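A short worksheet on the structure shown next.
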Amino acid sequence: MPLCGLFFKIFVMSKRGPIIIIEDDEDDKELFSIIFKELDITNKLIWFNRPDEVFMYLKTTTEQPYLIYSDVNLPKQSGIELKRRIDGDPQLRTKSIPFIFYSTSVNQKIVNEAYTQMTVQGFFQKGHDLQEIKRQIRVIHDYWQLCKHPNTQ
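Position in the sequence shown (first residue = 1) + 1 = the numbering used here.
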């Protein structure tokens, strides 16, 4: 395979990895599933209710996840605590998985903490209706399709 073909194959594969969604609200899960399908985002969606399950998955998976969407308020451990744990793990830091918070719970203190004390790549407040959420997810997905980061080289 020519070098440029190999580069293209690696590039596309990293962009096609699974999207991890950490969400404990069943209505939101159903809504997100519908939106991803309507937007024709074909990445496999992997759902988690609890941050400890996500951490173990990230430690053991051989797949390179494409993107992580995390709620802030989760059972047993917050999304903030999960992100701190990921950042504190050398193996997971080298995976360079884009991590964004996507939550109804947004206050300036948490946003500041996410950007100044963690390697978070975005913090978004969930939209109030289907069209707004759909627009947000489209923008986030399109951004990461264009963005260069360690997983695309």
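Cβ coordinates follow ideal geometry from the N, Cα and C atoms, glycine included. Being a predicted model, the structure only gives us computed values, none of them experimental.
Candidates the options, of which the one nearest residue i by Cα
i: Lys149; options: Gln132, Ser106 and Ile98; result: Ile98
i: Arg139; options: Ile23, Leu32, Arg17 and Phe37; result: Phe37
Alpha-carbon to alpha-carbon, residue j and residue i
i: His142; j: Arg51; result: 23 angstroms
i: Tyr144; j: Lys77; result: 31 angstroms
i: Leu131; j: Asp41; result: 16 angstroms
i: Gln146; j: Gln122; result: 14 angstroms
i: Arg17; j: Thr62; result: 15 angstroms
i: Lys96; j: Glu114; result: 22 angstroms
i: Met14; j: Ile134; result: Confidence is the limiting factor: at Met14 the pLDDT is only 38, short of 50, which leaves the residue's position unreliable, though a coordinate-based value still follows. Distance between the alpha carbons of Met14 and Ile134: 26 angstroms.
Contacts around residue i, its chain only, beta-carbon distance under 7 angstroms, and the 5 residues preceding and following it disregarded
i: Ser79; result: Val73
i: Arg86; result: Phe56
Same chain only: Cβ atoms within 6 angstroms of residue i, ignoring 5 sequence neighbours per side
i: Thr105; result: Lys127
Host alpha helix (DSSP H) of residue i (start-end)
i: Leu32; result: Glu27 to Glu39
i: Ile141; result: Leu131 to Leu147
Same chain only: Cβ atoms within 8 angstroms of residue i, ignoring 5 sequence neighbours per side
i: Pro91; result: none
Chain D contact for residue i (CB, 9 angstroms cutoff)
i: Asn108; result: Absence of chain D from the displayed structure is noted, only one protein chain being present.
Could you tell me which uninterrupted alpha helix (DSSP H) segments, each at least 4 residues in length, are contained entirely in the region 79–109, listed from first to last along the chain? Look at the region 79–109 and you find these whole runs of alpha helix (DSSP H), each 4 residues long or longer: 80–88 and 91–96.
Hey, which unbroken runs of the alpha helix (DSSP H) at 4 residues or more fall wholly within the region 49–82? Assignment of alpha helix (DSSP H) within the region 49–82, counting only whole runs of 4 or more residues, yields 52–61 in chain order.
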